[in-house]
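Trainee: In this note's numbering, the protein residues as written are 5 to 139.
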Amino acid sequence: MSMKAENETWQCTKNCGACCFLDPLQREDALKALSEEDALTYLKMVGLDGWCIHLDKATKKCKIYSSRPEFCKIHSLIKLFHIKRQNLNRYAINCCREHISSIYGNESTVMRDFNHNIRNENGGDEKLCGKKTAR
Ligand code: SF4
Ligand code: SF4
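1) May I ask whether a heavy atom of ligand 2 can be found less than 7 Å away from the beta carbon of C56?
2) Going straight from the alpha carbon of H58 to that of S105, what length do you get?
3) Roughly how many angstroms lie between the CA atoms of C100 and I78, to the nearest whole one?
4) Is the beta carbon of A62 within less than 7 Å of some heavy atom of ligand 1?
5) Tell me the residue span of the alpha helix (DSSP H) that contains T63.
6) Taking the straight line between their C-alpha atoms, what separation do you get for N11 and I87?
7) Can you tell me whether I78 sits near ligand 2, meaning its C-beta is under 7 Å from at least one heavy atom of the ligand?
8) Using only alpha-carbon positions, find the residue among Q90, K61 and E74 that is nearest to L38.
9) How would you call K83, buried or exposed, if buried means at least 16 neighbouring beta carbons within 10 angstroms?
10) Rounded C-beta distance between N121 and T17? I'm assuming under 8 Å.
Here's what the structure looks like:
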């Protein structure tokens with residue numbers, strides 16, 4: 005599937021992990037979109053500090069990458085938020101920017117790296133939390 009749109013191609017960037025901040029108070033929309041079973045799984049993953057218990061905070065990598073829940077994968081956005089496949093690229097980029105902004109800020113190095121990577125097809129990083137699989 006082509007993920008190109010407006011000269012930006014979604015891809016994950018290293019040293020981020022912003023979408024793995026799962027505090028239910030700040031992720032209400034995501035939580036509401038999940039099935040009852042997935043919501044339970046989600047809530048069990050929330051650590052006392054709001055971060056996913058499976059995130060290695062030092063490396064910002066998912067410790068259960070190969071067995072992470074389906075809702076952690078970028079393709080799940082289509083089903084969860086009823087978006088068209090052709091809009092996934094833009095939607096995913098916006099989601100990442102929102103998460104990165106809320107965790108690190110718009111002027112952060114992570115935001116700068118993310119913006120650089122999505123504008124440079126060769127600049128992406130093999131993932132991390134695995135969300136690069138959407139490309
Ligand atoms: S998917 Fe987006 S928000 Fe999540 S770790 Fe990757 S770049 Fe960061
Ligand atoms: S990708 Fe891994 S670390 Fe991130 S929320 Fe999912 S299980 Fe947790």
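The beta-carbon is built from N, C-alpha and C at its ideal position, and this holds for glycine as well.
Just so we're clear, the structure is a prediction, and the values are computed from it rather than from any experiment.
Mentor: Quick look at the numbers:
1) yes
2) 22 Å
3) 10 Å
4) no
5) First-last for T63: undefined, no H or E at that position.
6) Straight-line spacing of the CA atoms in N11 and I87 works out to 20 Å.
7) no
8) E74
9) exposed
10) 5 Å
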